Amino acid sequence: MFSFACDKTEKKLLLIKTAEKNSTAVKLRIDKTSLTANNKFYISFGEKAPFKFFDCYPVNAKDSQLVGVDGVGQKEDSSSLAETNLVHPPVWGLCTVVETNVDEIKMGTQYRAMLPIANEVSFANVTVDEQDNMVVIRPTTNPAYNVFVKIPSESICFSSNSSNDDNTTSTKSDLALVTFPGIITGFGLYHALSRKQFYRSKENDERVVVLSSASSKVALALALYLQKHNKEATTTGGTSVKVFGYTSDQNKEFCQKTGLYDEILSYDEDLPGGDDCKYILIDIAGRGDLYKRNADTIKKTLVIGNASSQDDKDSTFACFSMYAMVKLMLTMAGAPSFLRKWMNPSMELFLIMDVSAELTAEWGQEKFNAMVEQATIDFVKAASEWMTVCHCNTDALITKAFDDIMAGTIPPSDAIVVDVAKAVADK
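Just so you know, the sequence shown maps onto residues 3 to 429 in the numbering used here.
Given below as structure tokens:
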């Protein structure tokens, strides 16, 4: 197995080779993975509860060796990694069963899952759930990361990995991969907001949804679904909402090009004032200063993450009230959602898992899957107008893309797809 591990201190990728396990229940070929701004969040929160992303694929340093990477200054000789501080940064990707000793898991089945940046992965203990998804038995890992979602061949997410696959189909599959889980989070946010009637006190109250990190996949997906909401409201006589976006100066042009926002603001700009608390802040950037400057006009804040990699004292999490902190601690302790549902602080952490569970319970799994599939189709169709797929299939391209992601220099128009199998084919 070849994989890219990350030094926790320097946040640089190293290519390593690990001896194969003697016995496995299932072995999967990793077809392709994606690199997005989410990976910065996964690194920052890799050891923090309830996320603990680094627990997914611990580095087996004892049975691994360093492999040279052309052009990036790594050692050319293999050496022991027993004394290093390496982790496998998780990424979202597609994988296909190539070996199986489990009757319910068939050869050639494709799954979407949180994976290492590697060419393959094996598991000793797996099962299958009611939806025919593969579930890895890893008691110390967050349960959400143990589910390998089966991808039907007719889904836009499915990748045939065939040389006969037409370019349009391949591009759609790549965009669907790179924009996941942003699409799901945006989808869940839209339904959470609409079910709360955008926190209106009266039906005709003005509401403006404000998205930080407006160029992120989560923000773009939510903005698209809000645009669709407004079109339907115009037809049915419903109440529409405005959509504002905060972004860096270099990403303003991209955000404007999408046509999804009514107004784009720089991070040093304040929201237009007024006596009413009409703004709903969806904070993806994690910038506490943004909230503090505009707090008097914000009705509700849902915190998604810390895409701007703020220090703890400067992040939005530092602005949580005691009430909000109690709910956050209950969340991190894994308390059941029904214990947290009645708590409604003006600022809180948004968890897509809770919303997905609620929607599935109401709609049923089949309708939920169909709704998510349609949401993905809608977003991919729109994104194809302003995003370009960039394939990284060499050691140097993969390490550079990771460095650029961590430095925040990847243009939002670039959709990064990684193929480790091709990168290590001659090693």
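Using N, Cα and C, we set each Cβ at its ideal position, and we do this for glycine too. Model, not experiment: these values are computed from the prediction.
Residue i burial status per 10 Å Cβ neighbour count (16 or more: buried)
{"i": "K34", "result": "buried"}
{"i": "K294", "result": "exposed"}
{"i": "P91", "result": "buried"}
{"i": "P145", "result": "exposed"}
{"i": "K259", "result": "exposed"}
{"i": "D314", "result": "exposed"}
{"i": "N253", "result": "buried"}
{"i": "T378", "result": "buried"}
{"i": "E350", "result": "buried"}
{"i": "G410", "result": "exposed"}
{"i": "D285", "result": "buried"}
{"i": "D105", "result": "exposed"}
{"i": "K219", "result": "buried"}
{"i": "N127", "result": "exposed"}
{"i": "A372", "result": "exposed"}
{"i": "S323", "result": "exposed"}
{"i": "G95", "result": "buried"}
{"i": "S317", "result": "buried"}
{"i": "A39", "result": "buried"}
{"i": "R289", "result": "buried"}
Three-state secondary structure assigned by DSSP to residue i
{"i": "L191", "result": "helix"}
{"i": "H393", "result": "strand"}
{"i": "E132", "result": "coil"}
{"i": "M467", "result": "What is shown of the chain runs 3 to 429, which leaves residue 467 out entirely."}
{"i": "S66", "result": "strand"}
{"i": "E265", "result": "strand"}
{"i": "F2", "result": "The shown model of the chain, from 3 to 429, leaves out residue 2, and the question about it has no answer."}
{"i": "R295", "result": "helix"}
{"i": "T318", "result": "helix"}
{"i": "E234", "result": "helix"}
{"i": "T411", "result": "coil"}
{"i": "Y281", "result": "strand"}
{"i": "F182", "result": "coil"}
{"i": "T401", "result": "helix"}
{"i": "K108", "result": "coil"}
{"i": "I45", "result": "helix"}
{"i": "A309", "result": "coil"}
{"i": "D168", "result": "Here D168 scores only 45 on pLDDT, less than 50, and its place in the model is too uncertain to base an answer on."}
{"i": "A326", "result": "helix"}
{"i": "Y201", "result": "helix"}
{"i": "A1", "result": "A question about residue 1 goes unanswered here, because the residues of the chain that appear run from 3 up to 429."}
Beta-bridge pairing of residue i - partner residues as DSSP gives them
{"i": "D9", "result": "L88"}
{"i": "L17", "result": "F6"}
{"i": "K424", "result": "Answer by DSSP bridge pairing: none, since K424 is not bridged."}
{"i": "L96", "result": "K34 and R114"}
{"i": "E271", "result": "Answer by DSSP bridge pairing: none, since E271 is not bridged."}
{"i": "G247", "result": "L213 and I266"}
{"i": "D356", "result": "In DSSP, D356 forms no bridge with anything."}
{"i": "R289", "result": "S317"}
{"i": "A372", "result": "According to DSSP, A372 bridges with nothing at all."}
{"i": "L304", "result": "I284 and E350"}
{"i": "A223", "result": "According to DSSP, A223 bridges with nothing at all."}
{"i": "I418", "result": "L37 and C392"}
{"i": "F150", "result": "M136"}
{"i": "V28", "result": "T102 and F125"}
Cβ distance (whole Å) where residue i is taken to contact residue j below 8 Å
{"i": "D131", "j": "V137", "result": "5 Å"}
{"i": "D406", "j": "I400", "result": "Wrong, their Cβ atoms sit about 11 Å apart, outside the cutoff."}
{"i": "Y1", "j": "G188", "result": "An answer regarding residue 1 cannot be provided, because it is not within the stretch 3 to 429 covered by the chain."}
{"i": "T299", "j": "L267", "result": "Incorrect: roughly 13 Å between the Cβ atoms, too far for contact."}
{"i": "Y59", "j": "P118", "result": "4 Å"}
{"i": "K42", "j": "S250", "result": "K42 to S250, Cβ: 14 Å. No contact."}
{"i": "L262", "j": "L222", "result": "6 Å"}
{"i": "V212", "j": "I282", "result": "7 Å"}
{"i": "K383", "j": "F4", "result": "Not really, about 35 Å apart at Cβ, beyond 8 Å."}
{"i": "F352", "j": "L304", "result": "4 Å"}
Own chain residues within Cβ distance below 6 Å of residue i, not counting five before or after
{"i": "F47", "result": "F53"}
{"i": "R57", "result": "Here the sequence assigns Asp to residue 57, which means Arg is not the residue at that position. Excluding residues within five positions, the ones whose Cβ falls inside 6 Å are T142 and T143."}
{"i": "A403", "result": "L37, C394 and I418"}
{"i": "D167", "result": "Per-residue confidence for D167 stands at a pLDDT of 46, beneath the threshold of 50, marking its modelled position as unreliable; the derived number appears in the next sentence. Nothing listed; no residue qualifies."}
{"i": "K14", "result": "none"}
{"i": "F182", "result": "W94"}
Cβ neighbours of residue i in the same chain (closer than 7 Å, five flanking residues each side left out)
{"i": "D264", "result": "K244, V245 and F246"}
{"i": "K29", "result": "V100, E101, E122 and S124"}
{"i": "V391", "result": "T173, D176, L177, A417 and V419"}
{"i": "M389", "result": "L177, S415 and A417"}
{"i": "M355", "result": "A146"}
{"i": "T241", "result": "E205, N206 and A235"}
{"i": "S80", "result": "Low confidence applies to S80: its pLDDT is 43, below 50, so where it sits in the model is not reliable, and the reading given next is rough at best. Taken in chain order, the residues that qualify are Q67, L68 and V69."}
{"i": "D435", "result": "The question about residue 435 has no answer here: the residues shown for the chain are numbered 3 through 429."}
{"i": "K302", "result": "Y201, I282 and S348"}
{"i": "F55", "result": "Y44, F47, G48 and P92"}
{"i": "L224", "result": "G188, L191, Y192, L213 and I284"}
Same chain, Cβ closer than 8 Å to residue i, five either side skipped, listed in chain order
{"i": "S386", "result": "T173, K174 and L177"}
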